[in-house]
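Residues in the sequence shown are numbered consecutively from 6, following my numbering. Think of the CB as a built atom: it goes at the ideal place given N, C-alpha and C, for glycine as much as any other residue. All values reported here derive from a predicted model rather than from experimental measurement. Okay, so here's the structure we're looking at.
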Amino acid sequence: MKVSKFIFIILVLLSSFGCKKKEVSESDFEKGVMNSVFIEIVDSIYMDRRIMFPPPSPKIVDFRKNIIDTIGYHDKLKRYQIEQDSIKNDKNKIIIGVYDFVVNNKIRNNKFDLTPFKNNEKFDFQYVSKYPKEIYWDINNKNSKMPAGTIEISNIHFNKTKTSGTITASASCGGGKCGRGFIITIKNKAGNWHITNVEQTWVS
6 MKVSKFIFII LVLLSSFGCK KKEVSESDFE KGVMNSVFIE IVDSIYMDRR IMFPPPSPKI
66 VDFRKNIIDT IGYHDKLKRY QIEQDSIKND KNKIIIGVYD FVVNNKIRNN KFDLTPFKNN
126 EKFDFQYVSK YPKEIYWDIN NKNSKMPAGT IEISNIHFNK TKTSGTITAS ASCGGGKCGR
186 GFIITIKNKA GNWHITNVEQ TWVS
């Protein structure tokens with residue numbers, strides 16, 4: 006009787022160990038896939054508020070006759086275009102705030118690891134928690150030291166064969182003033198994961 010009980014306990018422990026090992030393996034697999042598509046995701050959906058400021062409006066000097074100050078307006082428009090071109094040609098990295106935790110992550114306390122992307126040539130990724138709450142960001146200040154935008158992603162929902170998956174993501178220009186939501190489809194093609202479709206689901 007004691008031997009049977011001992012064998013039963015051993016089997017339970019082995020079963021528990023096997024499940025844990027499988028879970029860790031799946032978690033590592035998901036992290037690897039996410040790391041391989043993260044930059045592509047950000048490049049597809051990020052919002053840079055510096056280039057989202059609308060062009061200046063013409064100044065009406067006489068409302069009754071609808072006369073516009075064309076000379077002053079064209080000067081402002083020219084300066085606006087020069088500024089926009091300067092931002093687009095800026096070789097400095099674009100600061101993107103990434104929300105610390107993956108939405109619906111299987112491991113709630115597992116922080117999204119930004120280490121694999123620290124040497125990216127285009128983006129400088131920083132955790133959003135490093136800054137004041139996003140609603141307090143002054144997005145009208147073009148010289149603000151806040152990130153140019155934020156990114157938040159979900160964990161990957163794979164198909165049964167783990168050859169494709171979907172990710173829910175959102176991007177904002179900061180300050181809670183503008184944002185967009187997406188469902189992103191990724192697929193494994195010849196051993197490499199890439200985005201196959203980006204569908205916008207909401208805008209604010």
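The beta strand (DSSP E) with residue i in it runs from where to where?
i    : result
A174 : 169-177
Y51  : Looking at the DSSP string, Y51 is not in any beta strand (DSSP E), and its letter there is neither H nor E.
Going by DSSP, which residues form a beta bridge with residue i?
i    : result
R185 : A176, V208
F106 : K116
I100 : D129
I158 : A174
N94  : DSSP lists no partner for N94.
T190 : T171, N202
Helix or strand or just coil, what does DSSP make of residue i?
i    : result
F43  : helix
S62  : coil
F34  : helix
T166 : coil
E139 : helix
S149 : coil
I144 : coil
K123 : coil
Apply the 10 Å Cβ neighbour rule to residue i and answer buried if 16 or more other Cβ atoms are within range, or exposed otherwise.
i    : result
S62  : exposed
E204 : exposed
Y51  : buried
N148 : exposed
W198 : buried
E126 : exposed
V208 : exposed
K102 : The question names Lys, but residue 102 is Gly in the sequence shown. That one is buried.
F34  : exposed
R84  : exposed
N115 : exposed
*asked:* Under 8 Å: do the segment 120-139 and the segment 74-93 share three or more Cβ pairs, one atom per stretch?
replied: no
*Just checking, does the segment 177-186 make contact with the segment 142-156 on the three C-beta pairs under 8 Å criterion?*
yes
*Give a yes or no on contact between the segment 132-148 and the segment 185-197, applying the rule of three or more CB pairs nearer than 8 Å.*
no
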